[in-house]
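Here's the structure, in structure tokens; my notes come after.
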Amino acid sequence: MEVAQVAPGGERGGQQMITLVQAAEQVSQTIVLGHGPEAAPAVVDLLEELGILK
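If you want it as structure tokens, here you go:
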């Protein structure tokens, strides 16, 4: 049986320093739909509005 020999390719590995860039700030909004089981109807309404529930 013949064994093929292949020379390694590619670049040498290692660590290197990179510069991280801060992501742009995104405006968001939080709406409290309620607390406990009383919030369930509001959650269902929101999911229907988003098209997740029909």
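Per the numbering used here, the sequence shown starts with residue 61, numbered consecutively. We put the beta carbon where it would ideally sit given N, CA and C, even for glycine.
Length of the line joining the Cα atoms of residue i and residue j
{"i": "E71", "j": "L80", "result": "23 angstroms"}
{"i": "P101", "j": "G94", "result": "9 angstroms"}
{"i": "L110", "j": "Q89", "result": "16 angstroms"}
{"i": "V104", "j": "I78", "result": "46 angstroms"}
{"i": "V87", "j": "L106", "result": "20 angstroms"}
Endpoints, alpha helix (DSSP H) assigned at residue i
{"i": "L106", "result": "100–109"}
Own chain, CB closer than 8 angstroms to residue i, minus 5 neighbours either side, in chain order
{"i": "E108", "result": "K114"}
Close-in-space but distant-in-sequence residues of the same chain around residue i (CB under 7 angstroms, 5 per side omitted)
{"i": "A83", "result": "none"}
{"i": "A99", "result": "L93"}
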